[in-house]
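Single-structure report; data block below.
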Amino acid sequence: MDLSHLNKEQKHAVMEVKGPVMCIAGAGTGKTRVLTNRIAYLLSQGVSKCNIAAVTFTNKAATEMKERVASLVDIDASDMWISTFHSFGLRILREEIVQWRGYKKGFTVIDEEDSNKVMKKIIESFDIPKTDCITSKIFLTFVSMEKNKQYNQIVFDNDYQEEWYRKARKLYDAKLLAANAMDFDDLILNTIELLNDSEYVLKTYIEKFQYILIDEFQDTNLLQYELMTILCQKHKNIFIVGDQDQSIYSFRGAKIGNIDQFMKDYPDYKLIKIEENYRSTPEILKLANDVISKNTNRIDKNLFTSKDSKQKPLLTVCNTDNSEVEFIFKEILRLTGKGYNYSDIAIMYRSNYLSRNFESTFKRYKVPYTIYGGISYFARKEVKDILAYLKLAINFDDKFSFDRIINVPARKISKESTDKIFVESVRYDVSMFKAIDYIESNDVSKQCYESLRNFKNIIYGIKEFISNEKNDIKNVIDVILETTGYLKMLSSKKEENDQKLLNILELKNVIREAMYTYSGTVIEKLTQMLEDTVLKTDLDNLDDNDNKVKLMTYHQAKGLEFPIVFMMATEDGVFPNGFATNRFELEEERRICYVGITRAKERLFITCAKKRFMYGRVAFNKPSQFISNVSESLLERQVQM
DNA sequence: CGCACTAGACTTTTT
DNA sequence: GTCTAGTGCG
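The first sequence begins at 1 in this note's numbering and counts up by one.
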């Protein structure tokens, strides 16, 4: 295999295939290239593709990795174990669980919204007075912390809270199990437990995964690391790539400490540092290096580049948030006038609300733009509603889908009536859907009784449509829209529901695509697609090469690069965020800043405003300490008139 | 059951 | 300032 396009360190990281390897790859040093080439190299050395596992954090990264491996060695990589941590766990669980700890084959995975609904019902059932310390949100964070073994992070306000939490936790587990459902954390936790429970399963997978690769290692949490540790215990060919300076998810449980743990667990590990950056100009890199050098406990590294010099990053101190927007726009117009495309430009900020100022100005200047953020595609209410009909038609046992749509659109089926159905379903040990048959006409209102019959017919209608292989399967979306009355509901307020309808119709494309990507009968393909959508946040193909200015948070920008980057609202209290107080939190903010700077390839503009409207008040902010502490020579500075 | 109103919150969120 | 979840009324 040809590795001549790699530099010395990259080559080393690709070819050092035996034993534990830690690869420190700074921003823009070709991390993905190393990973994909390493997998390709393994394959070219005769390693079978089923003996390799590679895990990342995003679907996007996983898809990209698969595609690039496939093109490097010209194989079909679609069935390779290259996936997100969660899909990885799910795949093992799906393959191995027939009957396990009460879980049955065909279990469902629920998202945070569903978890929240479950917890809310539990707290309601306690029938205790409302308090600030007993909310579903707080309890769910506790559940997640417990599942992730972050026991030390759980701090109860008082005994009362702890007592109710313990009860809630038990009920939460029981409800999920009864519904044959797992939450996101369970996908990792249960995989570990299953491996612990079953000698056979453990043996299968530790034999199987001869080579393990972990991407973005700095963002792994305790459980994810534990899972991979278990799996590589036999072959110990574990390769981790990461950059502790880009760890910006500790609020989600990411543990930079896993890097130290790795060094302890595998004392004979090999360290490979990749420091040559292929992305940014020397001026941008110098600033990045200077900013991040103020963090403590780093494995020291110094990015360098052989790229040509360009202008220094420019800090502009603006008077107000509005004049900051003006400044950025004038620059955008100037740059596009010089030949840059809109798509070369990204505006980045710490918090989503900061994008608000831009919308009206973008429209006024007629500059095309996309603001990233907000609710992701598969989490949208209307999308989930339609999918719930499809899920229920395929699987009558899907309690979460049943609850979701039994009265959406409103069809006079009250909460009391659904409670009655639930009672019947428990009594006869059948699904909620089947339990409708046990409801007598005098149990509920006449309206409700009719609606229930009708509801059954709707679901049977959908089932019939998807069972007939002659039908064009993507049209099931039209069938659902029509028969459920969903279309009628949306038409009532046309203007504001237009986008919703478009989102729903986009599902036709999703289904069409699924017919190509999955195999089996139509229903099998649909089932797989529906299982996968829980773990998807956005439409992969929606990330575009269209000629628009992109606006996003630094978190969303991780892994991306742009010729021109504007870092706006770089002010103390905004960035670093006012919530960050202790040293640990400030260091994470500084890493976010580092991520921001290193997104830029050619030009970096940093702006701040002396006066800003925040939360309906005027705030007088100082320029961010991250930037104002930087040595004089690294930055061009200007103050707006 | 569904709408309208009010209180309160208000970083980041790969799954 | 703006969005949300939760309450109360028709």
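A virtual CB, placed ideally from N, CA and C, is assigned to each residue, including glycine.
- Distance between Ser-467 and Ile-523, taken at the CA atoms: about 7 Å.
- Looking at Thr-135, Gly-89, Asp-265 and Lys-415, the one whose alpha-carbon comes closest to that of Asp-185 is Gly-89.
- Taking all protein chains shown into account, Ser-624 has 16 or more neighbouring C-beta atoms within 10 Å of its C-beta and is therefore buried.
- Beta-bridge analysis with DSSP links Trp-100 to Tyr-103.
- In the structure shown, the three-state DSSP call for Phe-396 is coil.
- Less than 8 Å divides the Cβ of Ser-136 from the Cβ of Asn-116.
- For Glu-226, the uninterrupted alpha helix (DSSP H) run begins and ends at 222-231, by DSSP.
- Listed in chain order, the non-local C-beta contacts of Gln-311 below 8 Å within the same chain comprise Glu-283, Arg-603 and Glu-636, local neighbours out to five positions each way being set aside.
- Counting of Cβ neighbours within 10 angstroms places Ile-240 among the buried residues, the total reaching 16 or more.
- One alpha carbon belongs to Ala-25, the other to Lys-31, and they sit about 6 Å apart.
- Bridge partners of Pro-282 according to DSSP: none are assigned.
- If you draw a straight line from the Cα of Asp-472 to the Cα of Val-479, it is about 11 Å long.
- No Cβ-Cβ contact shorter than 8 Å links Gln-218 with Gly-253.
- For Gly-485, no beta strand (DSSP E) encloses it, and the DSSP letter there is neither H nor E.
- Between the alpha carbons of Phe-209 and Ala-53 lies a distance of about 6 Å.
- Going by C-alpha positions, Arg-599 is about 21 Å away from Thr-36.
- The C-beta of Met-641 has fewer than 16 other C-beta atoms within 10 Å across all chains shown, which makes the residue exposed.
- Judged by DSSP in its simplified three-state form, Thr-533 adopts helix.
- DSSP, read as helix, strand or coil, puts Tyr-211 in strand.
- Listed as beta-bridge partners of Cys-608 by DSSP are Val-317.
- Shown here for Lys-463: same chain residues with a beta carbon closer than 7 Å to its own, the five before and five after excluded, namely Ala-393 in chain order.
- In terms of CA proximity to Ile-332, Thr-361 leads the group Tyr-353, Thr-361, Lys-434 and Asn-457.
- As far as DSSP is concerned, Pro-267 takes part in no beta bridge.
- DSSP lists no beta-bridge partner residue for Ala-557.
- In the DSSP assignment, the residues bridged to Gln-638 are Thr-316.
- Exclusion of the five residues before and after Gly-573 leaves Asn-621 as the residues of its chain whose Cβ lies within less than 6 Å of its Cβ.
- The C-beta distance from Ile-458 to Thr-418 rounds to 16 Å, too long to meet the 8 Å contact threshold.
- If one requires a minimum length of 4 residues, the alpha helix (DSSP H) runs lying completely within the stretch 567-615 are 583-597, in chain order.
- As the crow flies, the alpha-carbon of Met-1 is around 18 Å from that of Glu-67.
- For Phe-239, the enclosing beta strand (DSSP E) has its first and last residue at 238-242.
- Each of Met-515, Val-549, Gln-45 and Phe-455 was checked against the Cα of Asn-475, and the nearest Cα belongs to Met-515.
- Where Arg-166 is concerned, the enclosing alpha helix (DSSP H) starts and stops at 159-178.
- Per the C-alpha coordinates, the member of Met-119, Leu-490, Tyr-200 and Ile-272 positioned closest to Lys-167 is Met-119.
- Closest in alpha carbon position to Val-155, among Cys-133, Lys-175, Tyr-172 and Asp-173, is Cys-133.
- Taking C-beta atoms as the reference points, Thr-220 and Ile-212 fail to come closer than 8 Å.
- Following the DSSP letters along the chain, one finds Thr-29 in no beta strand (DSSP E), marked with neither H nor E.
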